[in-house]
Amino acid sequence: MGACCSKEKKFEGVVGEEVDDVEDAGDVRVEDGGSRVRLEGNSMYTSMFTQGGRKGINQDAMTVWEDFSGEKGMFFCAVLDGHGPSGHHVAGLVRDILPSRLSSEFKLSLPNSSRCDSDIVHGNHKDDSKDRHENKNFEYPLFPLWKASLIKSFEEMDEELDSNSTFDSFCSGTTAVTVIKQEDHLIIANLGDSRAVLCTRGNRNQLVPVQLTVDFKPNLPSEAERIRNCKGRVFALPDERGVYRLWMPDQNSPGLAMTRAFGDFCLKDYGLISIPDVSYRKLTDKDEFVVLASDGVWDVLSNSEVIRIVASAKKRSMAAQLLVDRAVREWKIKYPGYKTDDCAVICLFLKTPPLSTKSTSKNGRDSVNNHQQLAVSQRSATTRSQQGCESTKANSKEYSALQGVSRENSLLSLPRFSTVLGRRRSTNQGC
1 MGACCSKEKK
11 FEGVVGEEVD
21 DVEDAGDVRV
31 EDGGSRVRLE
41 GNSMYTSMFT
51 QGGRKGINQD
61 AMTVWEDFSG
71 EKGMFFCAVL
81 DGHGPSGHHV
91 AGLVRDILPS
101 RLSSEFKLSL
111 PNSSRCDSDI
121 VHGNHKDDSK
131 DRHENKNFEY
141 PLFPLWKASL
151 IKSFEEMDEE
161 LDSNSTFDSF
171 CSGTTAVTVI
181 KQEDHLIIAN
191 LGDSRAVLCT
201 RGNRNQLVPV
211 QLTVDFKPNL
221 PSEAERIRNC
231 KGRVFALPDE
241 RGVYRLWMPD
251 QNSPGLAMTR
261 AFGDFCLKDY
271 GLISIPDVSY
281 RKLTDKDEFV
291 VLASDGVWDV
301 LSNSEVIRIV
311 ASAKKRSMAA
321 QLLVDRAVRE
331 WKIKYPGYKT
341 DDCAVICLFL
351 KTPPLSTKST
361 SKNGRDSVNN
371 HQQLAVSQRS
381 ATTRSQQGCE
391 STKANSKEYS
401 ALQGVSRENS
411 LLSLPRFSTV
421 LGRRRSTNQG
431 C
């Protein structure tokens with residue numbers, strides 16, 4: 001469907017962009033009560049792009065569901081980063097199945113169909129849940145239902161992978177970072193080391209990045225404690241200083257660079273879990289957009305750099321590709337002797353684009369860099385699940401697998417197993 005065109009506008013570093021000639025681009029299918037599903041392309045509120053690195057097949061996957069669960073204006077976005085021999089199959093299956101499973105799970109959690117009325121969505125319904133009592137500022141009674149639905153659907157997704165016979169997920173898996181936007185409510189679920197970052201505005205109208213997720217790496221204290229309690233090991237190899245991995249008790253293969261993932265059943269008895277960290281944030285008129293990306297982006301670009309790049313895009317449809325192109329360039333500059341990692345990006349814009357605005361800098365050309373300096377957020381208004389995760393204070397720090405060393409594979413395979421290992425699944429993922 002066509003859309004009117006207007007010139008680009010930069011206002012304190014935010015692009016009020018030239019509206020795309022085509023409102024929707026990329027293949028779109030309709031599912032689940034009218035949800036519009038895309039695996040690539042762009043829409044008025046989203047921009048998506050992925051590019052494979054030089055390690056072989058692109059194992060990153062992504063999806064956007066607009067009018068998610070049949071509700072007009074609700075979005076579900078997910079970025080997945082596969083690893084291991086069948087990582088692309090694992091990521092693809094999760095991408096295709098998880099959203100509809102989550103939608104069904106959430107609908108089943110509602111006491112009756114009338115629960116999803118405007119009073120509930122706007123937080124006007126009395127709710128005596130533990131989550132509401134623990135936070136006096138909590139304004140979204142549906143969050144406990146979303147949280148329970150996310151945790152259950154992630155668990156069921158992992159069980160389906162375990163029983164899937166079309167490919168082996170014993171030593172293959174995927175991370176997942178997802179967001180659900182329902183009006184001014186944002187629900188975030190994170191599994192692994194992909195990341196979601198919100199671009200908002202500070203007191204002086206400057207752009208501020210707010211990290212919405214924690215990168216679940218083996219050197220995080222709470223994650224390392226769980227792994228050791230489950231007899232797993234955490235250490236970095238001599239030639240990978242700073243890159244901590246999760247290892248089996250008596251085998252130096254495989255070494256996984258994250259502590260939460262779908263699949264990877266060889267490590268599920270030793271501290272690896274598929275329980276997502278679920279959190280909530282109330283959106284305000286200061287919030288501009290959310291960026292979801294795999295670690296191929298975050299390993300070479302800071303949160304501040306990412307939001308600046310997205311804000312500099314002349315069109316919303318260009319934002320994700322612009323960010324991936326910049327990440328690929330940074331890989332070549334910072335790590336010329338190493339293979340570029342796969343990169344996947346979804347940009348979810350929170351405001352309706354302007355129809356006709358134009359503005360140029362004093363030089364006669366647009367520029368983001370001439371505007372006020374970006375500030376790194378030290379606080380987050382996020383309400384976080386307590387399923388074995390770090391406190392909200394962890395959001396003020398950008399976790400990365402690199403920490404000054406070269407980027408390595410998410411899954412490191414050293415000498416193969418000396419014995420054939422059966423699939424052993426713990427009854428309790430937290431050991």
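No gaps in the numbering here: position 291 of the sequence shown is 291 in UniProt numbering, and each next residue is one more. Quick reminder that beta carbons are idealized off the backbone N, C-alpha and C, glycines included.
#1: For L39, tell me which candidate among P111, V197, T63 and G271 has the shortest Cα-Cα distance.
#2: Which residue marks the beginning of the alpha helix (DSSP H) containing Q321, and which one marks its end?
#3: Return the first residue and the last residue of the beta strand (DSSP E) that I188 is part of.
#4: Are there 16 or more other CB atoms within 10 angstroms of the CB of P336, so buried, or fewer, so exposed?
#5: Apart from the five residues just before and just after D127, which ones in its own chain have a Cβ nearer than 8 Å to its Cβ?
#6: When you compare only the Cα positions, how much space is there between L212 and K231?
#7: Is there at least one non-hydrogen atom of the ligand ATP closer than 7 Å to the beta-carbon of G255?
#8: Do you know offhand how far G56's Cα is from P218's?
#9: Going by DSSP, which residues form a beta bridge with T166?
#10: Report the start-end ranges of each beta strand (DSSP E) in the region 263-309 that is 3 residues or longer and not cut off at the edges.
#11: Considering only DSSP beta bridges, list what C171 is partnered with.
#12: Is V243 closer than 8 Å to V297 when the C-beta atoms are compared?
#13: At the level of alpha carbons, what is the spacing between P85 and C171?
#14: What does the alpha-carbon distance come out to for the pair D81 and K286?
#15: In angstroms, rounded to a whole number, what distance separates the CA positions of D295 and V37?
#16: For a quick check, are the C-beta atoms of V300 and A257 less than 8 Å apart?
#17: Going by the beta-carbon positions, is the gap between D277 and N190 smaller than 8 Å?
#18: According to DSSP, is N229 helix, strand or coil?
#19: So what's V90 in DSSP terms, helix, strand or just coil?
#20: For G192, count neighbouring Cβ atoms within 10 angstroms of its own Cβ and tell me buried if that reaches 16, exposed if not.
#21: Check whether the Cβ atoms of K351 and E305 lie closer than 8 Å to each other.
On the basis of the coordinates in this document:
#1: Here the question's residue 39 lines up with position 39 in the sequence shown. Nearest of P111, V197, T63 and G271 to L39, Cα basis: T63.
#2: Taking the sequence shown and counting its residues from 1, the one referred to as residue 321 is at position 321. From DSSP, the alpha helix (DSSP H) with Q321 extends over R316 to K334.
#3: Locating residue 188 in the sequence shown gives position 188, counting from the first residue. First-last of the beta strand (DSSP E) with I188: H185 to L191.
#4: Working through the sequence shown from its first residue, we reach residue 336 at position 336. Within a 10 Å sphere around the beta-carbon of P336 sit fewer than 16 other beta-carbons, which makes this residue exposed.
#5: Taking the first residue of the sequence shown as 1, we reach residue 127 at position 127. Confidence at D127 is low in this model, with a pLDDT of 46, below 50, so the placement of that residue should be treated as unreliable; the coordinate-derived value is given next. So the qualifying residues of the chain are P141 and P144.
#6: Within the sequence shown, numbered from 1, the residue matching residue 212 stands at position 212. Within the sequence shown, numbered from 1, the residue matching residue 231 stands at position 231. Roughly 30 Å between the two C-alpha positions.
#7: This structure does not include the ligand ATP; it has no bound ligands of any sort.
#8: Indexing the sequence shown from 1 puts residue 56 at position 56. Indexing the sequence shown from 1 puts residue 218 at position 218. Going from the Cα of G56 to the Cα of P218 covers about 26 Å.
#9: Here residue 166 refers to the residue found at position 166 when the sequence shown is read from its first residue. Beta bridge pairing from DSSP links T166 with no other residue.
#10: 277-282 and 289-293
#11: Counted from its first residue, the sequence shown places residue 171 at position 171. According to DSSP, C171 bridges with nothing at all.
#12: Residue mapping note: residue 297 aligns to position 297 of the sequence shown, counting from 1. Residue mapping note: residue 243 aligns to position 243 of the sequence shown, counting from 1. No; because the gap between Cβ atoms is not below 8 Å, this pair is not in contact.
#13: On the sequence shown, residue 85 is found 85 positions in, with the first residue counted as 1. On the sequence shown, residue 171 is found 171 positions in, with the first residue counted as 1. For the pair P85 and C171, the Cα-to-Cα distance works out to about 7 Å.
#14: Translated into positions along the sequence shown, residue 81 becomes position 81. Translated into positions along the sequence shown, residue 286 becomes position 286. Whole-angstrom Cα-Cα distance: 30 Å.
#15: Translated into positions along the sequence shown, residue 295 becomes position 295. Translated into positions along the sequence shown, residue 37 becomes position 37. The alpha-carbon separation between D295 and V37 amounts to approximately 24 Å.
#16: Counted from its first residue, the sequence shown places residue 300 at position 300. Counted from its first residue, the sequence shown places residue 257 at position 257. Contact: no.
#17: Within the sequence shown, numbered from 1, the residue matching residue 277 stands at position 277. Within the sequence shown, numbered from 1, the residue matching residue 190 stands at position 190. Yes, the pair counts as a contact, with Cβ atoms nearer than the cut-off.
#18: Here residue 229 corresponds to residue number 229 of the sequence shown, with the count starting at 1. Correct three-state label for N229: helix.
#19: One-based indexing of the sequence shown puts residue 90 at position 90. Helix, per DSSP.
#20: The sequence position of residue 192 within the sequence shown is 192, counting from 1. Buried.
#21: Here residue 351 is taken as the residue at index 351 of the sequence shown, counted from 1. Here residue 305 is taken as the residue at index 305 of the sequence shown, counted from 1. Not closer than 8 Å, so no.
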